[in-house]
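As structure tokens, the structure follows; a few thoughts come after it.
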Amino acid sequence: MAKFIDPSSIRASQPANFVHNDRSTLEHSGRAEENSSNFVYNPNNRLPIYAQRSKLPICASRDHLMFLLEKYQVVVVVGETGSGKSSQVPQYLVEVGWAHHGKQIAVTQPRRVAAVSLAARVAEERNCMLGDEVGYAIRFDDCTSPNTKIKFLTDGLLLREMMGDPLLEKFSVIMLDEAHERSINTDMLAGLLKKVLKKRSDLRVIVSSATIDAQKMKDFFNVKKRGDVSTDNAAILQIEGRCFPVEIMYSKHPVDDYVKATVDTVLIIHKSNAPGDVLAFLTGQDEVEECCRLLSEKLKNVANISKYKIQAIPMYSNLPAREQLKVFQRAPSGTRKVIFSTNIAETSITIDNIIHIIDCGFVKTTVYDADFNTETLTVLPVSQASANQRAGRAGRVTSGKCYRLYSEDEFEKLKPQSVPELQRSSMAFPILQLKALGVSNVAKFDFLSPPPSKNFARALELLFSLGAIDAKVELINPIGNQMAEMPLNPMFAKCLLTANEFDCSDEILTLCALMQIKNVFHVPSSGKEKMKAARVQREFYATEGDHMTKLNVFTSYVNNRRSKSWCDKYYASYASLNRAYHIKEQLLKYARRFGIELTSAKGFDDDKVLRCLCAGFFANVAIYTSRGCFRSIRDPVSSPDLFIHPDSVLYTVPFNSGTYVLFTETVHSTKIYLRECSIVKSDWLLQVAPHFYSVR
Ligand code: ADP
Ligand code: MG
18 MAKFIDPSSI
28 RASQPANFVH
38 NDRSTLEHSG
48 RAEENSSNFV
58 YNPNNRLPIY
68 AQRSKLPICA
78 SRDHLMFLLE
88 KYQVVVVVGE
98 TGSGKSSQVP
108 QYLVEVGWAH
118 HGKQIAVTQP
128 RRVAAVSLAA
138 RVAEERNCML
148 GDEVGYAIRF
158 DDCTSPNTKI
168 KFLTDGLLLR
178 EMMGDPLLEK
188 FSVIMLDEAH
198 ERSINTDMLA
208 GLLKKVLKKR
218 SDLRVIVSSA
228 TIDAQKMKDF
238 FNVKKRGDVS
248 TDNAAILQIE
258 GRCFPVEIMY
268 SKHPVDDYVK
278 ATVDTVLIIH
288 KSNAPGDVLA
298 FLTGQDEVEE
308 CCRLLSEKLK
318 NVANISKYKI
328 QAIPMYSNLP
338 AREQLKVFQR
348 APSGTRKVIF
358 STNIAETSIT
368 IDNIIHIIDC
378 GFVKTTVYDA
388 DFNTETLTVL
398 PVSQASANQR
408 AGRAGRVTSG
418 KCYRLYSEDE
428 FEKLKPQSVP
438 ELQRSSMAFP
448 ILQLKALGVS
458 NVAKFDFLSP
468 PPSKNFARAL
478 ELLFSLGAID
488 AKVELINPIG
498 NQMAEMPLNP
508 MFAKCLLTAN
518 EFDCSDEILT
528 LCALMQIKNV
538 FHVPSSGKEK
548 MKAARVQREF
558 YATEGDHMTK
568 LNVFTSYVNN
578 RRSKSWCDKY
588 YASYASLNRA
598 YHIKEQLLKY
608 ARRFGIELTS
618 AKGFDDDKVL
628 RCLCAGFFAN
638 VAIYTSRGCF
648 RSIRDPVSSP
658 DLFIHPDSVL
668 YTVPFNSGTY
678 VLFTETVHST
688 KIYLRECSIV
698 KSDWLLQVAP
708 HFYSVR
């Protein structure tokens with residue numbers, strides 16, 4: 018039964034626009050790392066290892082799982098984060114003999130850090146040296162030996178291994194871990210493994226998931242004869258988890274501002290004196306911090322509204338591990354813990370003793386726009402599955418309550434399932450990879466969730482115009498194969514592979530690396546400091562646009578011995594620049610392998626860098642029109658109006674009609690903005706992509 022609350026009834030000040038929460042939508046794009054944690058909490062770390070292992074929920078299901086694996090080729094294991102799936106299952110497999118005769122057990126992870134830290138943990142549990150019986154392999158770092166029985170590796174690396182070993186003969190069991198995340202690579206592996214399973218009856222696949230939606234996975238792998246369950250080759254194993262009911266409450270009216278409504282709901286719970294800790298879901302670090310601030314402000318004004326004290330705790334992936342630990346620590350008696358968290362608490366971590374959930378109903382994810390061929394980080398409504406998963410984070414120790422800051426009608430209108438990454442990403446790189454893996458007809462590939470046909474068509478068109486595939490969708494050697502191997506979006510890969518023609522591979526490598534990080538600059542929150550930052554940063558602004566500006570910042574950073582004090586002086590992000598520096602070093606290894614020499618235009622000839630960018634991004638160009646905005650040159654007539662983003666250095670520049678800008682990033686909110694852009698010349702476009710432009 019649903020009860021109704023109305024958090025807006027105690028809202029104090031002016032409403033903000035709910036749907037276009039610009040604070041979040043204007044944040045820089047990138048993979049939603051915000052939703053994952055590298056930090057592992059171990060509540061039993063004082064106990065000896067064998068005791069820690071036996072306390073894990075999966076322990077009771079060990080024999081059942083081993084039995085299922087004898088009978089079924091695929092087993093989907095469902096259990097919440099922390100139940101022991103990743104660390105225990107591979108060990109059980111070794112114990113019952115799945116690693117005999119030199120065969121290995123592979124456990125895939127979407128994130129590199131998880132592969133390394135799990136391997137370290139399991140090696141410790143087995144009392145062996147890391148890299149001996151238990152090892153890991155991530156890009157650029159192979160820590161395994163001929164003795165290795167359990168190999169943790171990134172899903173991307175397993176895909177790569179399939180290029181050399183299509184049937185994965187080395188392995189007896191493949192565990193697709195964290196499958197609920199539905200990363201592109203997990204989805205691709207699922208499709209490929211389904212093929213391999215047909216050819217290798219001895220192979221087993223374990224799909225492990227932290228959410229209850231396992232049926233789809235099972236159905237995908239299950240190739241039973243129609244209606245006859247006795248021929249099933251896939252099964253589901255549910256590890257005991259939460260069992261207490263969670264009462265769902267909806268907001269009567271849509272709330273104007275979920276950040277405020279979240280804080281107000283905390284106050285309602287607090288005032289009611291209902292016992293128990295609170296976990297509130299928000300979409301990003303900025304909102305989390307604002308909630309903490311708002312709550313403490315409001316508490317100042319209302320003395321003694323509850324018999325409890327309140328301890329507000331933020332949680333997001335960028336938070337240092339020491340701070341993250343606080344969400345797991347018990348609050349002193351008489352104190353209520355209130356955790357404001359990003360989606361990281363939906364599946365990536367499990368917090369005990371949560372009774373109240375507050376769900377804002379939104380999540381930050383990347384979306385792909387086939388028309389502009391760009392991926393943008395956007396705040397979108399959650400799916401029903403996601404809302405239910407959030408609610409389930411309460412009720413683990415006793416019955417719980419979930420306050421949804423949206424109405425029941427709105428809930429009914431939500432998508433049943435979240436959209437997997439593969440359906441909201443460019444298909445260009447996945448198609449290249451499938452081709453490199455020898456998939457002859459990519460359009461007929463058995464995807465767990467097939468991508469929209471528009472995305473597919475756009476990707477083929479792009480790859481063709483980049484010279485990566487021919488008209489028969491076969492890879493063109495060597496450029497197509499090299500692009501498939503490079504961990505870069507194919508447009509950047511093309512720039513890099515062409516960079517020697519323009520003597521600027523050094524600059525292009527830097528730009529490729531800079532594209533992988535968030536802002537190079539900090540934006541101070543106080544108005545006065547903001548102005549000061551803008552003043553000192555202006556020194557780096559290039560009239561050509563954002564790409565040359567970013568290059569200027571990076572070059573200066575390196576010339577100043579990458580010092581933190583230099584970064585502080587210019588409000589540059591030390592952590593981001595440092596990361597870009599290391600990414601560049603890694604990309605350099607690829608460049609060398611493909612025979613790209615390190616060349617530099619050395620700031621003498623900026624045209625060269627921009628012309629080289631055109632070689633990859635010729636399809637991402639907009640033209641300034643007499644209407645005072647840009648239009649995509651792909652189709653200026655039907656293109657929506659495009660605007661320069663306020664973050665871009667070109668924001669205040671007056672343009673003449675007919676000016677071209679190349680963009681590498683867009684932001685969609687109330688309007689479509691070009692966020693990373695540079696002014697280019699039409700001659701350059703004709704020179705580097707005559708095939709593309711003459712057709713138009
Ligand atoms: P799952 O995969 O189901 O989320 P894991 O096997 O990763 O569970 O972890 C189970 C438990 O093992 C954790 O709750 C924690 O107590 C312990 N553990 C796992 N990894 C580590 C680690 N790197 N350091 C310390 N403890 C760990
Ligand atoms: Mg796990």
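For the sequence shown, the tail end lands on 713 under my numbering, and the numbers increase by one without skipping.
From the three backbone atoms N, C-alpha and C, an ideal C-beta is built for every residue, glycine too.
Please read these numbers as outputs of a predicted model, since none were measured by experiment.
Where does residue i land, buried or exposed, given buried means 16+ other C-beta within 10 angstroms?
| i | result |
| --- | --- |
| Glu614 | exposed |
| Arg609 | exposed |
| Thr560 | exposed |
| Glu789 | Limits of the chain in this structure are 18 at one end and 713 at the other, which puts residue 789 out of reach. |
| Phe188 | buried |
| Ala329 | buried |
| Thr718 | In this structure the chain extends from 18 to 713, so residue 718 is not present and cannot be described. |
| Ala706 | buried |
| Ala592 | exposed |
| Arg628 | buried |
| Arg221 | buried |
| Lys102 | buried |
| Met548 | exposed |
| Pro262 | exposed |
| Pro331 | buried |
| Leu64 | exposed |
| Trp701 | buried |
| Asn99 | Note on residue identity: the sequence assigns Gly, not Asn, to residue 99. Result: buried. |
| Lys166 | buried |
Confirm the yes/no value for this check: CB of residue i, any heavy atom of the ligand MG, distance under 6 Å.
| i | result |
| --- | --- |
| Ser103 | yes |
Check this for me: beta carbons of residue i and residue j, under 7 Å apart or not?
| i | j | result |
| --- | --- | --- |
| Leu422 | Tyr574 | no |
| Met192 | Val95 | no |
| Ser162 | Gly148 | yes |
| Val91 | Ala251 | yes |
| Tyr710 | Thr676 | no |
| Met503 | Tyr587 | no |
| Ser695 | Leu679 | yes |
| Gly563 | Ser466 | Checking the sequence, you will find Asp at residue 563 rather than Gly. Against a cut-off of 7 Å, the Cβ pair of Ser466 and Asp563 comes out as no contact. |
| Lys235 | Ile223 | no |
| Arg310 | Ala387 | no |
| Glu392 | Thr383 | yes |
| Lys511 | Gly633 | yes |
| Val355 | Gly378 | no |
| Ile375 | Tyr420 | yes |
Any heavy atom of the ligand ADP closer than 6 Å to the Cβ of residue i?
| i | result |
| --- | --- |
| Asn59 | yes |
| Gly148 | no |
| Arg138 | yes |
| Ser78 | no |
| Ser218 | no |
| Thr98 | yes |
| Ser674 | no |
| Ser134 | yes |
With which residues is residue i paired in a DSSP beta bridge?
| i | result |
| --- | --- |
| Arg421 | Tyr267, Asp376 |
| His118 | None, per the DSSP bridge assignment. |
| Ile689 | Leu659, His685 |
| Lys381 | Val396 |
| Cys694 | Phe680 |
| Gln108 | Beta-bridge pairing links Gln108 to no other residue. |
| Phe298 | Ser358, Asp376 |
| Arg596 | The partner list for Arg596 (beta bridge, DSSP) is empty, contrary to what the question assumes. |
| Ser326 | Looking at the sequence shown, residue 326 is not Ser but Lys. Per DSSP, Thr352. |
| Leu492 | Ile486 |
| Ile253 | Val93 |
Within 7 Å (strictly less), CB to CB, does residue i reach chain C?
| i | result |
| --- | --- |
| Glu556 | Among the protein chains of the structure shown there is no chain C, as only one such chain exists. |
**Message:** Going residue by residue through the segment 178 to 236, where are the continuous alpha helix (DSSP H) segments of at least 4 residues, counting only ones entirely within it?
**Reply:** 201 to 216
**Asked** Could you give the uninterrupted runs of the alpha helix (DSSP H) lying entirely in the segment 527 to 559, keeping only those of 4 residues or more?
**Response** Positions of the alpha helix (DSSP H) runs, each at least 4 residues long and wholly inside the segment 527 to 559, are given as 544 to 554 in order along the chain.
**Prompt:** Hey, which unbroken runs of the beta strand (DSSP E) at 3 residues or more fall wholly within the segment 611 to 662?
**Reply:** 638 to 641, 647 to 649, 659 to 661
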